[in-house]
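Please read the structure below before turning to the comments.
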Amino acid sequence: MNCRNSFQSCVESKGESRMKSSVLASLRPSSRYPSDTYSSEELAPVSVGERLQQARVAAGFTVEDLADHTKIRASIITAIEHDDFSYCGGVTYARGQIRSLAKALRTDSVPILVEFEIQMGMPPSAH
1 MNCRNSFQSC
11 VESKGESRMK
21 SSVLASLRPS
31 SRYPSDTYSS
41 EELAPVSVGE
51 RLQQARVAAG
61 FTVEDLADHT
71 KIRASIITAI
81 EHDDFSYCGG
91 VTYARGQIRS
101 LAKALRTDSV
111 PILVEFEIQM
121 GMPPSAH
């Protein structure tokens, strides 16, 4: 399905509940928070970029679809998906771009932002 013309229509046509469940399923828990209910495979650490890429792929969107919808350059989205935040313009902009991408993919940005702060060695902040 080509979603370039109307990102919102494409999201709605794919079925919000189906998409939410598949996107949420793709956001595996981090190994920093072990639980007896998860297998060791499910506890493998997942980076910020991997989480966003998994959510995008699970939703059936291309990098270009997200770029069109969020107005974030495709090259920056690709860099973020590879955990390279140097093109974001600083930590504040990186947080905003992560939040925008998560919102466009209809996924909760808070766990992704927490992982970003951990990944960057920053103290946790209020989200």
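Going by our numbering, 74 is the number at position 74 of the sequence shown; the sequence numbering is gapless.
Even for Gly, the Cβ is constructed at its ideal location relative to N, Cα and C.
Taking a cut-off of 8 Å for Cβ pairs, the region 98-113 and the region 46-59 touch, as three or more such pairs fall below it. Counting C-beta pairs with one atom in each stretch, the region 54-67 and the region 84-96 have fewer than three that are closer than 8 Å, which means they do not touch. For the pair V91 and F85, the Cα-to-Cα distance works out to about 8 Å. An exposed status is given to H82, since fewer than 16 other beta-carbon atoms sit within 10 Å of its beta-carbon. A residue is called buried once 16 or more other Cβ atoms fall within 10 Å of its Cβ, and D108, having fewer, is exposed.
Taken atom to atom, the span from the alpha-carbon of I77 to that of S125 is near 23 Å.
In the three-state DSSP reduction, H69 falls in the helix class (H, G or I).
In the displayed model, Y93 falls within a helix according to three-state DSSP.
By the criterion of a C-beta distance shorter than 6 Å, Y87 is surrounded in its chain by I76, A79, once the five residues flanking it on both sides are discounted. The three-state reading of DSSP puts T78 in helix, counting H, G and I together. The continuous alpha helix (DSSP H) containing S109 extends over residues 109-119.
At a Cβ-Cβ threshold of 8 Å, A102 and I112 count as neighbours. Each residue's CA atom was taken as its position, placing L52 and I118 some 16 Å apart.
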